[in-house]
Structure formats: C-alpha cells, structure tokens
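If you're matching positions, the sequence shown starts at 5 in this note's numbering and goes up one per residue.
Below is one structure, written out as structure tokens, with a few remarks after it.
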Amino acid sequence: MNSNNLNEDFYQTAINYYGIKEILENFGNEKERIGQGSCIVYKTKCESLGGILIAIKEVNITSDDCKNRTIKTFVNELKIYNRIDNGRIIQFYGISRNVKERLYYLVLEYANQGNLREYINVKNCNENGFEWTERVFLATQIAEGLCYLHDELNIAHRDLHTKNILINDGNIKISDFGLSKNLESTMSSGNKFFGIIPFIDPHKLNNRNVPLDKRSDIYSLGMDILLPCLLWLFLRT
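And the structure:
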C-alpha cells in the first residue's frame, strides 16, 4: 500500500496483497461508543470471531477535503498493526467496512478496564488505593511494549499518552498507531503536532519542525510513569 497515492482500492489491496483478514460482520446499531478522538471507537460483539467483545475503530471517509489524509492515517495504522505480534500491544483482528455509508473499521481487542487515565481515576477512588507494586508492574509493561516497538520493529509511536495505553485484565495494551512512524520509511513528519500537551516532547513544542522519534517516546514514557506516582497533581485538573 503506497500511502502517497491512495484511493479506496486500499481496502482490497490490504486483503488481497497484504493478507489482512476481512471481518464480514454487520455491526449495525448493536454497538456502544466507548471513545472518540480523531475516530469514534465502539464496543460490540463479533459473531464471526466467536461472539467475543471487540473494539471497532470507525473511519468515516466522506469529506473530499480530508479524504486523502484520513485514508493515509488509516492505512498507516493498518500497516503497523499488521506487523505487530506482542502481548503488550492491543491485538489486531482485521478490517471491515460498511459500503453504503463508506465507513471503514479496524477490528481490535477490547480492553475491559479502559485506558490508563480511567484506571488511575478508579484506583484513586478505591479505598485500597493504588499499591506501589501495581504501579511498578504497569510501568514495566508499558516499557516492555515500547521496547518491542523500538527494538524489534524500529517504530516510534509518537503519540504515547494515558488515553492510548489501555488495560485488559490488569495488563497493559498500547494502542492507536495512526501517528506512528516506521523509522526506515520516508514518510514526512510534517510541522504539525497532535496529542496531549504534557506528553509531547518539549523540543516539538518549542520547534514544530523537530521530528518526533524514539527519544520523544521515551519522554512520553516518563510522563506515563510519573502520572500514577503523582495522582493528586494530575487528577485535580
């Protein structure tokens, strides 16, 4: 899939050339919205996967102004998920679509304890508190996932924050690779930045021309580890 020259044939290319599984399912109205950033994320059952709960990330390609950019982001995330095989990363099952409404879906593992931010909020309200052993356990798992991306795949996530770090059955699942970059590719970083300010590399904030890379991920990792340690500071805002 050449993200520099895209049209809607990318869907069939993904299936026929890259061997990505197509999930033939009519998700219809039987879905619950669980998140929204650049795309809406739903929770639903998938009968073709044995009736398990899944998350579907919906991409709406209807606007001519953003169509090409939207497809590029979708394809970038799709290509990265297709390379990943690691327990610290959210599992990718395949792709699906609603032809009539021109909706495309990434079909993903459902994280039953939400994102790290939500998890910390729950722990903060729990009378048993947030044990240091569990904080260290989660921080170690985030580092393991990032190490896999950097060392095994040579990929910089570039948007690592507490809403992109999910938790399923007490285990970390890194997600959302729309802004990620294969560091061996020639994909332009651009001079724009997205994300949550406290987790963005300060060099990028000072100079938009500075590319986000593995070093930026390490800074974000530090902030992700700091958050559970300083609950009172972050959660009062």
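Beta carbons: idealized from backbone N, C-alpha and C, even for Gly.
Delimiting residues of the beta strand (DSSP E) encompassing residue i
{"i": "Gln-95", "result": "Careful: Gln-95 lies outside any beta strand (DSSP E) and carries neither H nor E."}
{"i": "Ile-38", "result": "36-40"}
Contact belief for residue i with residue j at Cβ below 8 Å, rounded distance in angstroms
{"i": "Leu-225", "j": "Leu-150", "result": "6 Å"}
{"i": "Phe-47", "j": "Tyr-109", "result": "In the sequence under discussion, the amino acid at residue 47 is Lys, which differs from the Phe named in the question. Contact doesn't hold; Cβ gap of about 13 Å is too wide."}
{"i": "Asn-168", "j": "Ile-178", "result": "7 Å"}
{"i": "His-161", "j": "Ser-184", "result": "5 Å"}
{"i": "Leu-53", "j": "Tyr-97", "result": "6 Å"}
{"i": "Leu-82", "j": "Ile-24", "result": "7 Å"}
Strand pairing of residue i, partner residues [DSSP]
{"i": "Val-111", "result": "Ile-60, Gly-98"}
{"i": "Asn-175", "result": "Asn-172"}
{"i": "Ala-160", "result": "Lys-185"}
{"i": "Cys-50", "result": "Ile-56"}
{"i": "Ile-19", "result": "BP columns for Ile-19 are empty, so no partner."}
{"i": "Asn-3", "result": "Nothing can be reported for residue 3, as the shown portion of the chain is limited to 5 through 241."}
{"i": "Asn-119", "result": "Leu-170"}
{"i": "Glu-26", "result": "Ile-99"}
{"i": "Ile-44", "result": "Gln-40, Glu-62"}
Beta-carbon proximity of residue i to residue j, cut-off 7 Å
{"i": "Leu-216", "j": "Asp-205", "result": "yes"}
{"i": "Ile-84", "j": "Phe-181", "result": "yes"}
{"i": "Ile-60", "j": "Arg-106", "result": "no"}
{"i": "Asn-261", "j": "Asn-116", "result": "There is no way to answer for residue 261, as the model of the chain reaches only from 5 to 241."}
{"i": "Phe-31", "j": "Val-79", "result": "no"}
Nearest residue (CA-CA) to residue i, options the options
{"i": "Gln-40", "options": "Leu-157, Arg-87, Gly-118, Asn-128", "result": "Gly-118"}
{"i": "Val-140", "options": "Glu-156, Asn-213, Ile-176", "result": "Ile-176"}
{"i": "Ile-27", "options": "Tyr-123, Ile-99, Gln-95", "result": "Ile-99"}
{"i": "Ile-58", "options": "Val-111, Asn-20, Ile-24", "result": "Val-111"}
{"i": "Cys-50", "options": "Glu-62, Val-63, Cys-43, Lys-35", "result": "Lys-35"}
{"i": "Glu-156", "options": "Lys-218, Tyr-97, Ile-201, Asn-128", "result": "Lys-218"}
{"i": "Tyr-89", "options": "Tyr-223, Tyr-152, Gly-174", "result": "In the sequence as presented, Tyr is not what sits at residue 89; that position holds Asp. Of the candidates Tyr-223, Tyr-152, Gly-174, the one whose C-alpha sits nearest the C-alpha of Asp-89 is Tyr-152."}
{"i": "Ile-146", "options": "Arg-101, Ile-222, Val-45, Leu-209", "result": "Ile-222"}
{"i": "Gly-174", "options": "Asn-33, Asn-210, Ala-143, Asn-211", "result": "Ala-143"}
Delimiting residues of the alpha helix (DSSP H) encompassing residue i
{"i": "Asn-210", "result": "206-210"}
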